[in-house]
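Participant: Below is one structure. I have some questions about it.
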Amino acid sequence: MGLDFVERFFKLTLDNVYRFACSVLFIVALAAYAGNSTPLAQLGGVLDYLAIPSGWLASVGEWVAERVTVVGVVATLVLMVALAFAAASDWQSRSGSTALLSIVMLAEVGQGASMFNALIVGLAGLTLVTWLATLVARRSGWDRPEWTGSAWERVANIAMTLILAALYFLSPLGWLISQEPYNSRGSRANPLYVERIERTSPTGAVRLHNRSSVN
Numbered sequence: 000m001g002l003d004f005v006e007r008f009f010k011l012t013l014d015n016v017y018r019f020a021c022s023v024l025f026i027v028a029l030a031a032y033a034g035n036s037t038p039l040a041q042l043g044g045v046l047d048y049l050a051i052p053s054g055w056l057a058s059v060g061e062w063v064a065e066r067v068t069v070v071g072v073v074a075t076l077v078l079m080v081a082l083a084f085a086a087a088s089d090w091q092s093r094s095g096s097t098a099l100l101s102i103v104m105l106a107e108v109g110q111g112a113s114m115f116n117a118l119i120v121g122l123a124g125l126t127l128v129t130w131l132a133t134l135v136a137r138r139s140g141w142d143r144p145e146w147t148g149s150a151w152e153r154v155a156n157i158a159m160t161l162i163l164a165a166l167y168f169l170s171p172l173g174w175l176i177s178q179e180p181y182n183s184r185g186s187r188a189n190p191l192y193v194e195r196i197e198r199t200s201p202t203g204a205v206r207l208h209n210r211s212s213v214n
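And the structure:
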């Protein structure tokens, strides 16, 4: 009963813990960028301040330093896939949190500036293309192409998804902005989903059982 109370109050599911951790790591990465440091170094300083053992971060940093190219490529690919999901405006997915985690990984291997430059170039290119398409359509007497508005809607969806994911640290393990209702214990979208089913015993009595499922 104690675990059930904690889970219901704090919405302690693997989904929410993942979102919360990605949000905190992103904030740490922003602080590291402002302090001309790396996310792992900044995280180590935070853990030391909280008197939490941080020696294991040295091994993580060494592992990443030996695989900078691989980590950068994987983080870039994951970021592209996450942004594609975020563009679909599926806020209940973990696309925003995964995108933030990819950004943290890119910042750790020193590719954060390149990523932001590529983002600025992409937005500038999209602005130019949509402006030219609208201008040509007006000069030709055509209606404005529908894809121009749709493209910027996708950009807005991505921006909103990333903002909500970044602000998730304001919700202790998700109980303020959780996707889940307060009177439920997980959902089919979460690994800790517990379904209550009825079974009839040989005597005819109805018994309730909890059945867990992993999606």
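All residue numbers for the sequence shown refer to numbering that gives the first Met the number 0, where the first residue is 0 and numbers rise by one. Every residue, glycine too, gets a C-beta built ideally from N, C-alpha and C. Computed from a prediction, not measured in an experiment: that's the story for all the values here.
As a quick exercise: from Thr-68, Val-128, Ser-139 and Leu-49, pick the residue whose alpha carbon is nearest that of Gly-109.
Facilitator: For the purposes of this step, residue 109 is taken as residue 110 along the sequence shown, with counting starting at 1. Nearest neighbour of Gly-109 by Cα position, chosen from Thr-68, Val-128, Ser-139 and Leu-49, turns out to be Thr-68.
Participant: Is the region 14-26 close to the region 94-114, with three or more CB pairs under 8 Å?
Facilitator: yes
Participant: Could you tell me whether the region 71-79 touches the region 55-62, using the rule of 3 or more Cβ pairs below 8 Å?
Facilitator: no
Participant: For Gly-156, report the span of its alpha helix (DSSP H) as first-last.
Facilitator: On the sequence shown, position 157 is the one that residue 156 refers to. Sequence inspection shows Asn at residue 156; the Gly mentioned does not correspond to that position. 145-165 is the span of the alpha helix (DSSP H), which, as asked, contains Asn-156.
Participant: With DSSP as the reference, label Leu-49 as helix, strand or coil.
Facilitator: For the purposes of this step, residue 49 is taken as residue 50 along the sequence shown, with counting starting at 1. The three-state secondary structure of Leu-49, taken from DSSP, is coil.
Participant: What three-state label does DSSP hand Thr-126 in the structure shown?
Facilitator: On the sequence shown, residue 126 is found 127 positions in, with the first residue counted as 1. The answer is helix: DSSP assigns Thr-126 an H, G or I state.
Participant: By DSSP, does Leu-13 sit in helix, in strand, or in coil?
Facilitator: Locating residue 13 in the sequence shown gives position 14, counting from the first residue. Helix at Leu-13.
Participant: If I follow the unbroken alpha helix (DSSP H) through Phe-84, where does it start and stop?
Facilitator: As a working mapping, residue 84 is identified with position 85 in the sequence shown. Its alpha helix (DSSP H) spans residues 67-86.
Participant: Is it the case that the Cβ atoms of Thr-160 and Ser-53 are separated by a distance below 8 Å?
Facilitator: Working through the sequence shown from its first residue, we reach residue 160 at position 161. Working through the sequence shown from its first residue, we reach residue 53 at position 54. The answer is no: Cβ separation not under 8 Å.
Participant: What number of angstroms, rounded off, separates the C-alpha of Val-128 from the C-alpha of Ala-150?
Facilitator: Locating residue 128 in the sequence shown gives position 129, where the first residue counts as 1. Locating residue 150 in the sequence shown gives position 151, where the first residue counts as 1. About 11 Å.
Participant: According to the neighbour-count rule (16 or more other Cβ atoms, all chains shown, within 10 Å of its Cβ), is Ser-96 buried or exposed?
Facilitator: Indexing the sequence shown from 1 puts residue 96 at position 97. By the 10 Å Cβ count, Ser-96 comes out buried.
Participant: Ala-33 and Ala-106 - do their beta-carbons sit closer together than 8 Å?
Facilitator: One-based indexing of the sequence shown puts residue 106 at position 107. One-based indexing of the sequence shown puts residue 33 at position 34. No, these two residues do not count as a Cβ contact at 8 Å.
Participant: Looking at the unbroken alpha helix (DSSP H) that takes in Trp-55, where does it start and where does it end?
Facilitator: By 1-based counting over the sequence shown, the position of residue 55 is 56. Note, Trp-55: alpha helix (DSSP H), 55-64.
Participant: What distance in whole Å lies between the Cβ atoms of Met-104 and Val-72, which are believed to be in contact at a cut-off of 8 Å?
Facilitator: Taking the sequence shown and counting its residues from 1, the one referred to as residue 72 is at position 73. Taking the sequence shown and counting its residues from 1, the one referred to as residue 104 is at position 105. Not a contact, Cβ separation roughly 11 Å.
Participant: Here's the rule I'm using: 16 or more other beta-carbon atoms within 10 Å means buried, otherwise exposed. How should Ile-51 be labelled?
Facilitator: Stepping through the sequence shown from its first residue, residue 51 is reached at position 52. Flag for Ile-51 reads exposed.
Participant: Return the residue from the list Leu-13, Val-16, Ala-112 and Ala-117 that minimises the CA-CA distance to Asn-35.
Facilitator: Counting from one through the sequence shown, the residue named residue 35 turns up at place 36. Of the candidates Leu-13, Val-16, Ala-112 and Ala-117, the one whose C-alpha sits nearest the C-alpha of Asn-35 is Ala-112.
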